[in-house]
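Contents: one structure, followed by commentary.
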Amino acid sequence: MQPSTLRPNAGTLSGGGSVLSGMQPTPPTATATPAGYSLAYVLTSGAELTIQQLGGTPEFTVTSGGLYTIHTFVFPSDLDLSVVVPGTTTGGDVLALLAANNICASLDVAGAAFNVADPNAGTLSGGGDVCLSGDAAILTATPNGDSNTPAGYSLAYVLTSGAELTIQQLGAAPEFTVTSGGLYTIHTFVFPSDLDLSVVVPGTTTGGDVLALLAANNICASLDVAGAAFNVADPNAGTLSGGGDVCLSGDAVTLTATPNGDSNTPAGYSLAYVLTSGAELTIQQLGAAPEFTVTSGGLYTIHTFVFPSDLDLSVVVPGTTTGGDVLALLAANNTGLGGCSLQRDHGTLSGGGMAEGWWCPARPPVVMCWRCSQRTTSAQASMWLVQPST
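Each residue of the sequence shown is one higher than the one before, counting from 58 in my numbering.
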């Protein structure tokens, strides 16, 4: 009587390669599953072929990057597979077990290999309200340490503007300098190192354009769309024209200045005009227009004031509070001056005479509050010397 010869054959699988997600090779060819045998598929990870999953079809879902291989396994149906511990047992362990117990089976060791990339932009901390100081403001975000840059990938930071996320700058660090107000967002971008970034046109290309490009070309990359958002305010009082010698006729005289159209009132800010008296700039009146009526002689100045709409102006006491008091209050609370520290200084006026007062080094050459020894027009005010008629 001639013994029966069994020839189980796991065959081969087609497929594999670099993938974004999901793994499904072409079903095996030239397999042989004799009677009393079963066919299964095995997913292993790494070069050591650590077994992760077993299944009835050559399709598996993974949740992290790395090297994965799908193998075909033909084995006796009564083989006890409980010895396989996912995450521990390797393909080599299975082959050794089969050999040690003289078990007739077949494992496609080569299988179909997949290199699963897992680029992750992670998240950033930071953002908030920023006041533009001088000509520029520096925006800085902090990586939260949850990004992943696989081999063959690069990490960069992207600055976008507006709700449409128009790309303005790219950089190696999450720090950018802006020169105008508006909404800005810093994003993290993890992408293949050979990706051609010349398609990005600053001021034109949006974050949505980049995502569409990645999807259209099946490029595995990661962009932190939310990023760290900054609302950069650029309050600017601008300048006023006017001022001069005025003769008080009757009981009162009206002082009027003309805005030069160079002020800026961002969203969430308000614009008002302030009338001060004397060299110490004692506040006398506030108004919505640069026009005030005075009933006595003296030195008067009309100023433009751009401030947060929720600023409590009840601290201003007409006849007592000075312009210097207001500036000191703003500086102490980091309000409206871009965090600049006011400094006291003195100098010579262009028309002769001396001046002293507070100035903001972050916004040169704009003088914030000058005390003048003669009538002049400052960068933010118009002055009048009102004399009673004789």
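Just so you know, even glycine gets a beta-carbon here, dropped at the ideal spot from N, CA and C.
- Around the CB of PRO143, fewer than 16 other CB atoms lie within 10 Å, so the residue is classed as exposed.
- Counted as a single uninterrupted DSSP element, the beta strand (DSSP E) harbouring GLY183 occupies residues 181-183.
- DSSP places ASP165 in the coil class of the three-state scheme, outside both helix and strand.
- Bridge pairing for ILE224: THR217 [DSSP].
- By the Cβ rule, the stretch 227-247 counts as touching the stretch 172-187, because three or more pairs are nearer than 8 Å.
- Counting other Cβ atoms within 10 Å of its Cβ, ALA314 reaches 16 or more and is therefore classed as buried.
- When the alpha-carbon of ALA193 is set against those of GLY355, VAL289, ALA294 and THR262, the nearest one is in VAL289.
- Per DSSP, the unbroken alpha helix (DSSP H) holding ALA153 starts and ends at 148-157.
- Relative to the Cα of TYR94, the nearest Cα in the group PHE132, GLU116 and THR101 belongs to PHE132.
- For PRO115, the number of other beta carbons within 10 angstroms of its own is at least 16, and it is reported as buried.
- Proximity of the stretch 317-336 to the stretch 352-364 meets the contact definition, three or more beta-carbon pairs being nearer than 8 Å.
- Per DSSP, ASP266 is one residue of the alpha helix (DSSP H) stretching across 264-273.
- Taking C-alpha positions only, LEU386 is separated from ASP369 by approximately 11 Å.
- Inter-segment contact for the stretch 196-216 and the stretch 145-157 is absent: fewer than three beta-carbon pairs are separated by less than 8 Å.
- Beyond the five residues adjoining it in sequence on each side, SER250 comes within less than 8 Å, by CB distance, of GLY209, TYR210 and SER211 in the same chain, given in chain order.
- Exclusion of the five residues before and after SER279 leaves PRO176, ASN177, ALA178 and VAL247 as the residues of its chain whose Cβ lies within less than 6 Å of its Cβ.
- A residue is called buried once 16 or more other Cβ atoms fall within 10 Å of its Cβ, and SER255, having fewer, is exposed.
- According to DSSP, ILE195 shares a beta bridge with THR234.
- Taking the Cα of LEU252 as reference, the smallest distance to any Cα among ASP203, ASN275 and TYR241 is reached at ASN275.
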